[in-house]
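Report on the structure given below.
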Amino acid sequence: MTWLEQLAILAAGVAAGGINTIVGSGTLITFPVLLAFGLPPVTANVSNTVGLVPGSVSGVIGYRRELSGQRDRLLRLGAASLLGGITGAVLLLWLPSEAFDAIVPVLIIIALVLVVVQPRLAAWVKRRREEGTDAAPEHGGLILWIAVYGTGIYGGYFGAAQGVLLLGLLGVLVHEDIQRLNAVKNVLALLVNAIAAAVFIMVAEVNWQVVALIAAGAIVGGQLGARVGRKMPPNVLRAVIVVVGTIAVVRLLIT
Numbered sequence: 038m039t040w041l042e043q044l045a046i047l048a049a050g051v052a053a054g055g056i057n058t059i060v061g062s063g064t065l066i067t068f069p070v071l072l073a074f075g076l077p078p079v080t081a082n083v084s085n086t087v088g089l090v091p092g093s094v095s096g097v098i099g100y101r102r103e104l105s106g107q108r109d110r111l112l113r114l115g116a117a118s119l120l121g122g123i124t125g126a127v128l129l130l131w132l133p134s135e136a137f138d139a140i141v142p143v144l145i146i147i148a149l150v151l152v153v154v155q156p157r158l159a160a161w162v163k164r165r166r167e168e169g170t171d172a173a174p175e176h177g178g179l180i181l182w183i184a185v186y187g188t189g190i191y192g193g194y195f196g197a198a199q200g201v202l203l204l205g206l207l208g209v210l211v212h213e214d215i216q217r218l219n220a221v222k223n224v225l226a227l228l229v230n231a232i233a234a235a236v237f238i239m240v241a242e243v244n245w246q247v248v249a250l251i252a253a254g255a256i257v258g259g260q261l262g263a264r265v266g267r268k269m270p271p272n273v274l275r276a277v278i279v280v281v282g283t284i285a286v287v288r289l290l291i292t
């Protein structure tokens, strides 16, 4: 690997770490770069997942203030993410990708719709609950738990736009400030990536040079992303989510 290729992977890691902290979809930056430099797809995906874990940790630390008071929520939803991440990692290693890949763009589009309609839908749900016609699950209820588990499967398998999916679901089913939900999203994505990375390290081929470069860049990017993301007004953050998610769909459809 030439020094220019190493520099490109390092830069991609910085960008991915930042965008993962703000929204998600950082994999759509690093993964194509690794493929362009000749890594086999599965090795690139595995190495990318392992390399982005330190950046996810950095992003969680950057958003630690918004995590205050959310311990119970994190424990409940974190269990779903861990189980989903294990399932997705096993699917990547043992099953053909065609069927799963076919639904990925659909999942992202659904997430984008959720992000766009979230304020109105959440207000409607809140009115129903205030009127006593609909009970209010404290942490999103069983529906959210199952949805987070499903997102974890996707995240363990590939992971691009996992954050978009999580933010869309959390925004509709949990009545909370979007910045605090973004902090929860970062923790859940970290759990998925970390458990999938653990599985990959044990049984798959990992390019450790790539891992080191992505990790170094993602740590820096995670801190930068936390600073930028925290300052974004809710509507601006939603707009960024929609733009990034749309790019993700286009990239997945043309590759």
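Everything in the sequence shown is counted per our numbering, starting at 38 for the first residue and increasing by one.
All C-beta atoms in this analysis are idealised placements derived from N, C-alpha and C, irrespective of residue type, glycine included.
query, result
"Give the C-beta separation of residue 233 and residue 61 to the nearest angstrom, bearing in mind that I take them to be a contact with Cβ-Cβ under 8 Å.", "Residue 233 to residue 61, Cβ: 15 Å. No contact."
"What is the C-beta distance between residue 226 and residue 192, in whole angstroms, given that I count them as a contact (C-beta under 8 Å)?", "7 Å"
"Do residue 275 and residue 152 have their beta-carbon atoms positioned less than 7 Å apart in this structure?", "yes"
"Helix, strand or coil, according to DSSP, for residue 87 in the structure here?", "helix"
"For residue 105, does the count of other Cβ atoms within 10 angstroms reach 16, so buried, or fall short, so exposed?", "exposed"
"For residue 133, report the span of its alpha helix (DSSP H) as first-last.", "Taken as a continuous stretch (DSSP letters only), residue 133 belongs to no alpha helix (DSSP H), as it is neither H nor E."
"Of all the options 160, 221, 197, 206, which has the alpha carbon lying nearest to the alpha carbon of residue 286?", "197"
"If we count the other Cβ atoms within 10 Å of its Cβ and call it buried at 16 or more, is residue 240 buried or exposed?", "exposed"
"Just tell me which of 80, 76, 48 has its CA closest to the CA of residue 66.", "48"
"Are the beta-carbon atoms of residue 145 and residue 282 separated by less than 7 Å?", "yes"
"Is the region 246-263 close to the region 82-98, with three or more CB pairs under 8 Å?", "yes"
"If you run the structure through DSSP and keep just helix, strand and coil, what is residue 213?", "coil"
"Straight-line CA distance for residue 243 to residue 132?", "19 Å"
"Report the three-state DSSP secondary structure of residue 246 (helix, strand or coil).", "helix"
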